[in-house]
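Protein chains in written order, with this note's numbering: chain A, 1107 to 1429; chain B, 497 to 811.
Since the structure comes first, as structure tokens, the remarks are kept for the end.
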């Protein structure tokens, strides 16, 4: 049984009396212990769909259809209080902005310990010992002294380590990492991702890694879902997707980031245009205005998702080589 | 930290010096003088001369200032020009507990109303509760405190006869008696301030509730209560503290007016009587004392910042 089973999930924004879908009918599964990636640009719906899993959607956002099954239980049917109990204990989250995700006026220790106390029911003294262990595990040296310090004493990378320690506080089954390294230096990025991968391996934790950087995915995730305009457009094995993308958007994502296995004189190819505006009506495939391979069918009919792909004009070996 | 406090205290001393100079000369600029008040139109020119000499008012103003000011530096605020010539320090010490009691209780009333009201308004934004708080804040800000004082006397003292209308009982004669006499004036003064503070807390809280760290707190599965009290409130209080600090000093000036309505013989009464009688030493002493509260509460506010916000460390 998958640990997380998201089925036909649609999340809409309700504003000024209108309903705008931001996540459109997506389905994906995360097996116990695996690292699953959700990849896409800003506004592709990847963050919104994961906040829906946490039950932390803003008031103006609502799940309008679908199911989110965690450990066989549909989270959408849970009461607020039951969902709160689950948060932090079974599912936790690492956010994008380590600089602003920690409370500036409370010590690092108290912010880690409160999650331990709340979710594991440990005493303050026991929680303190566990917090020290956690800080050591995420690679914060001199943990006992650092516990008393405040967020402004920590660098960005160190703060993200603290966020990981908080996410790990109750040893949850699932960690959702929403662009955990986007705000960090490239060198720190690798350290943090290595750390998260190691933690998942050691604890058997399932992780959903949300990122816009397809090139980091291949190294850490086993399977990838590529999202565009609120839909999953391609999904599959990370390595296959990396070497032989079938959706033009996946190819575009790969071509727009520098790769070490590529001649450095070859200029990067950006995806033309800007991300699909959820408020603008787009007929057919939402990617077609930016797609170099778009056909008339793409402009009129929404492609169905099947066999890991939602595309009327998928790339074949020939077209790929021609590009 | 110690160096910071020392520096601030030196600055405070300079402010107090300026206040001393200003009040000394300004009260002498007010038309009329104590002689006219004491003798009215009676008294011979000789008696008038004798009185002026006795009070030292025949000397050049600058000499009078020097005499008073050196006295102040030695802790001697002078003596009242009237009656049994009580020392000013004695008069002030008699009045101070009443005014402080009133100010503290008003402050307490203001905070007890404002903190929950501000939090409820922010967490229930654009609901009936929020509108209710806004309406209360609007009324609270619009009603002058002396008017509210009179209204409270009419309702609770005159009509319902629940509470005494005037006077003061020291807390040493019983908490309940003390409270009975002070609660109406405290509500009269505190309501306006609670309105200011509640509005500040609401807007500050709304901003904080949007912060990333609130989302982090929610992701830990904390209860709404813990999130609000432990994470949102301390951050929301940082800008509010400034207003509260200034408000506390203003409470004392609010007390001046309201004390008169309730016939409480506090600093306000002392000050107003002093001004009416041109009792120079009393006015000078009272103004100095009230200014020192302003200076002190500002210093306390700055130090409180460092307590609430660890990013601020004075060095």
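Don't be surprised by glycine CBs; every beta carbon is placed ideally from N, CA and C.
- Our two residues, residue 1154(A) and residue 790(B), have alpha carbons roughly 50 Å apart in a direct line.
- Partner residues in the beta bridge of residue 1121(A), as assigned by DSSP, are 1124(A).
- DSSP places residue 1300(A) inside the alpha helix (DSSP H), whose first and last residues are 1292-1309.
- By the Cβ criterion, the segment 678-691 of chain B is in contact with the segment 604-614 of chain B, since at least three pairs of Cβ atoms, one from each stretch, lie closer than 8 Å.
- Contact between residue 1406(A) and residue 1390(A) holds, with the beta-carbon distance rounding to 5 Å and staying under 8 Å.
- Taking C-beta separations shorter than 7 Å and ignoring five residues to either side along the sequence, the partners of residue 1289(A) in its chain run 1202, 1203, 1204, 1205, 1262, following chain order.
- Taking 7 Å as the threshold, the shortest C-beta distance from residue 1154(A) to chain B does not fall below it.
- Counting every other CB atom within 10 Å of its CB across the protein chains shown gives residue 1190(A) a total of 16 or more, marking it as buried.
- In the same chain as residue 1369(A), and ignoring 5 residues on each side of it, no C-beta atom comes closer than 7 Å to its own.
- Of all residues in the segment 1251-1283 of chain A, only 1256, 1258, 1272 place a beta-carbon less than 7 Å from a beta-carbon of chain B.
- For the set 594(B), 593(B), 571(B), the Cα lying nearest the Cα of residue 584(B) is the one of 571(B).
- In the three-state reduction of the DSSP assignment, residue 758(B) falls in the coil class.
- The C-beta distance from residue 1141(A) to residue 1337(A) rounds to 22 Å, too long to fall under 8 Å, and the pair is not in contact.
- Looking from the CA of residue 1212(A), the closest CA among 728(B), 532(B), 688(B), 773(B) belongs to 728(B).
- Among the residues of the segment 1178-1202 of chain A, those with a Cβ less than 8 Å away from any Cβ of chain B are 1190, 1191, 1192, 1193, 1194, 1195, 1198, 1199, 1201, in the order of the chain.
- Taken in chain order, the members of the segment 1207-1219 of chain A whose beta-carbon sits within less than 9 Å of a beta-carbon on chain B are 1207, 1208, 1209, 1210, 1211, 1212, 1213, 1216, 1217.
- Residue 1171(A): member of the beta strand (DSSP E) spanning 1167-1176, first to last residue.
- The C-alpha of residue 705(B) lies about 33 Å from the C-alpha of residue 748(B).
- At least one C-beta of chain B is nearer than 7 Å to the C-beta of residue 1162(A).
- The straight-line gap separating the alpha-carbon atoms of residue 596(B) and residue 1215(A) is approximately 40 Å.
- In this structure, residue 598(B) and residue 755(B) form a Cβ contact; the two beta carbons are roughly 7 Å apart against a cut-off of 8 Å.
- In the displayed model, residue 1319(A) falls within coil according to three-state DSSP, outside both helix and strand.
- Annotation for residue 717(B): no residue places its beta carbon closer than 7 Å to its own, counting only its chain and skipping 5 residues before and after.
- Among the CB atoms of chain B, one or more fall inside 7 Å of the CB of residue 1224(A).
- In the DSSP assignment, the residues bridged to residue 1284(A) are 1316(A).
- The Cβ atoms of residue 1392(A) and residue 1382(A) lie closer than 7 Å to each other.
- Contact check for residue 1245(A) and residue 1301(A): beta-carbon distance about 6 Å, within the 8 Å limit, so the pair qualifies.
- C-alpha of residue 623(B) to C-alpha of residue 1152(A): approximately 32 Å in a straight line.
- For residue 717(B), the chain A residues whose Cβ falls inside 8 Å of its Cβ are 1190, 1191, 1192, 1193, 1194, 1195, 1221, 1224, 1225, in order along the chain.
- Put simply, the backbone Cα of residue 1287(A) is about 39 Å away from that of residue 626(B).
- Counting the other Cβ atoms within 10 Å of the Cβ of residue 1241(A) gives 16 or more, which makes it buried.
- Note: residue 1193(A) is bridge-paired with 1197(A) in the DSSP secondary-structure output.
- In the structure shown, the three-state DSSP call for residue 512(B) is helix.
- Residue 1168(A) has its alpha-carbon roughly 54 Å from the corresponding atom of residue 671(B).
- Taking C-beta separations shorter than 6 Å and ignoring five residues to either side along the sequence, the partners of residue 1180(A) in its chain run 1173, following chain order.
- For chain A, the residues of the segment 701-725 of chain B that bring a beta carbon within less than 9 Å of one of its beta carbons are 707, 708, 709, 710, 711, 712, 713, 714, 715, 716, 717, 718, 719, 720, 722, in chain order.
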